[in-house]
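Residue numbers (this note's numbering): 403 to 606.
By construction, the Cβ of each residue, glycine as well, lies at the ideal position given by its N, Cα and C atoms.
Read the structure below first, then the notes.
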Amino acid sequence: MKIFHVLFFAAFILINLRTSAQTNLGKTSINGQLMTMLLDDKGDTILVADDLAEISLTSPRNFKSREEYNRYRYYLKCAAIVYPYAKESIKVFKQLEVETEEMRKGKRKRYAKKLQKELDDKFEDPLKGLTKIQGKILVKMIEKELNTPLYDLVKTYRGGMTAGYWNTLSKFWGYDLKRGYLEGDDPILDAVLEDFNISYQGDN
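Spelled out as structure tokens, the structure:
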């Protein structure tokens with residue numbers, strides 16, 4: 403998913419939700435992050451970051467078909483994988499907003515481009531391994547929290563031409579970066595996103 407690494411800043415931590423009928427397999431460490439290894443009722447091994455805040459399963463859980471239930475379960479797993487990226491991406495956008503607030507347009511674009519290069523060097527490889535659905539959920543998490551289409555974020559920090567380029571390219575992946583997150587477009591995705599706290603409160 404190289405289309406997104408220009409924007410996203412995160413350490414590579416593979417996490418997942420706690421589900422029913424899990425077996426604790428012990429602890430492991432990934433990139434210095436302590437993880438608990440669990441085995442769910444489907445036989446899948448899932449990794450949960452020990453410092454991950456509680457995820458509240460408060461959304462409606464009534465499904466019209468087995469297909470809907472399976473899609474919900476799949477979305478949950480994808481959302482858990484990209485959750486750390488969403489958290490760190492939102493943090494970067496919020497900090498970038500503060501740091502460039504008084505910069506002129508040209509200086510702001512140069513600053514954002516320099517930051518992009520630093521993040522590309524560090525996180526391009528893990529981010530480009532995301533699947534199409536994982537990328538979509540990541541984008542929607544960010545757009546939902548920031549209440550802004552991804553297109554507008556790129557336009558603000560990299561300019562209209564760059565935003566237009568990425569929006570055109572994204573359509574080959576089935577995305578419309580101008581549309582943003584709209585509740586009701588995908589009720590299953592809405593339910594999944596309600597379960598994740600991705601708000602950023604700033605440094606305390």
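Check: Between residue 509 and residue 499, what straight-line distance do the alpha-carbon atoms span, to the nearest angstrom?
Finding: Counting only the Cα atoms, residue 499 lies some 13 Å from residue 509.
- May I have a chain-ordered list of the alpha helix (DSSP H) segments no shorter than 4 residues that lie completely inside the segment 533 to 602? List check, alpha helix (DSSP H) in window: 534 to 548, 552 to 560, 562 to 572 and 589 to 595.
Exercise for the section: Could you tell me whether the Cβ atoms of residue 558 and residue 582 are closer together than 8 Å? Expected result: Taking 8 Å as the Cβ cut-off, residue 558 and residue 582 do not qualify as a contacting pair.
Under DSSP, the alpha helix (DSSP H) around residue 504 begins and ends at which residues?
Element bounds for residue 504: n/a, residue is neither H nor E.
Under 8 Å between the Cβ atoms of residue 465 and residue 555? With contacts defined as CB atoms closer than 8 Å, residue 465 and residue 555 fail to qualify as a contacting pair.
Requested in this report: With a threshold of 16 other CB atoms inside 10 Å of the CB of residue 468, please say whether the residue is buried or exposed.
Outcome: With fewer than 16 Cβ atoms within 10 Å of its Cβ, residue 468 is classed as exposed.
Q) To the nearest angstrom, how far is it from the Cα of residue 538 to the Cα of residue 577? A) Answer to the nearest angstrom: the Cα atoms are 7 Å apart.
Q. Cα separation between residue 485 and residue 504?
A. When rounded, the separation of the alpha-carbon atoms in residue 485 and residue 504 is 31 Å.
- Query: For residue 531, which of helix, strand or coil comes out of DSSP?
  - Reply: Coil, per DSSP.
My understanding is that residue 591 touches residue 534, with C-beta atoms under 8 Å, so please give their C-beta distance in whole angstroms. The C-beta separation of residue 591 from residue 534 comes to about 14 Å, leaving the pair out of contact by the 8 Å criterion.
Cα-Cα, which of 493, 560, 489 and 492 is closest to residue 507?
When 493, 560, 489 and 492 are compared, the shortest CA-CA separation from residue 507 is found for 560.
* To do: With a 10 Å radius around its C-beta and 16 neighbouring C-beta atoms as the bar for buried, classify residue 574 as buried or exposed.
  => With fewer than 16 other Cβ atoms within 10 Å, it is exposed.
- Task: Thinking residue 488 and residue 540 are a contact (beta carbons under 8 Å), I'd like their distance in whole angstroms, please.
- Result: 6 Å between Cβ atoms; contact.
Notebook entry, point to check: Quick one: what does DSSP say residue 464 is sitting in, helix, strand or coil?
Noted result: Coil.
> Does the beta-carbon distance from residue 546 to residue 579 come in below 8 Å?
Replying inline: Going by C-beta atoms, residue 546 is not nearer than 8 Å to residue 579.
- In angstroms, rounded to a whole number, what distance separates the CA positions of residue 516 and residue 552? Distance between the alpha carbons of residue 516 and residue 552: 19 Å.
| message | Please identify the residue among 544, 598, 477 and 514 whose C-alpha is closest to the C-alpha of residue 564. | response | For the set 544, 598, 477 and 514, the Cα lying nearest the Cα of residue 564 is the one of 514.
Rounded C-alpha distance that separates residue 475 from residue 586: Answer to the nearest angstrom: the Cα atoms are 18 Å apart.
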